[in-house]
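Single-structure report; data block below.
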Amino acid sequence: MSGLLNSSTNTQIQILENKVENIENKLVISDQSMLNNITELESRILSNYSKSDNNLMMNTTTLDDRVYRNISSIKNDLLTAQLTADSNLHFNTTVLDWRIFNNVSEFKNTIQNLTLHLNNVSDILQIQTELIEQQQNTINNLTQNINIGLSNNF
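Quick note on numbering: the sequence shown equals residues 12 to 165 in the numbering used here.
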């Protein structure tokens with residue numbers, strides 16, 4: 012019986028060893044599969060990271076370009092506004108200078124016209140004064156002649 016027991020035990024040991032080897036093989040396959048999955052996952056992560064990094068760089072470059080263009084556009088708008096303001100200021104100053112010049116010229120002309128008018132009035136008054144003096148002389152002469160005529164008659 013001990014031979015049967017040994018043979019039965021050996022068979023059971025062999026079956027157990029086969030099961031252990033089968034489990035070990037499955038573990039190796041499972042480990043290899045897990046390693047393959049981990050490697051594939053790492054590869055995907057690296058690929059996604061690289062794509063993400065490239066996208067980030069492209070987006071950053073695009074954003075930099077947009078910011079630069081916006082800053083350039085704002086600079087150009089400010090420069091245009093400044094030039095327009097300078098031009099308007101120059102034009103308004105020129106117009107104001109011209110109006111002041113015209114007003115001063117008109118004022119001078121008005122003063123000259125008033126001076127001429129006053130000179131004319133002065134000349135007229137002088138003539139009228141001379142006429143009054145002549146009339147006064149005529150009246151005085153007439154009065155003298157009347158007085159002489161009256162004294163000769165009496």
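Idealized CB from N, CA, C, for every residue including glycine.
Report the rounded CA-to-CA distance for residue i versus residue j, giving the unit in angstroms.
i: Leu100; j: Asn87; result: 19 angstroms
i: Arg77; j: Thr91; result: 20 angstroms
i: Ile150; j: Asp134; result: 24 angstroms
i: Asp97; j: Asn113; result: 24 angstroms
i: Phe102; j: Gln93; result: 14 angstroms
i: Lys119; j: Val132; result: 19 angstroms
i: Lys62; j: Met68; result: 10 angstroms
i: Gln139; j: Gln145; result: 10 angstroms
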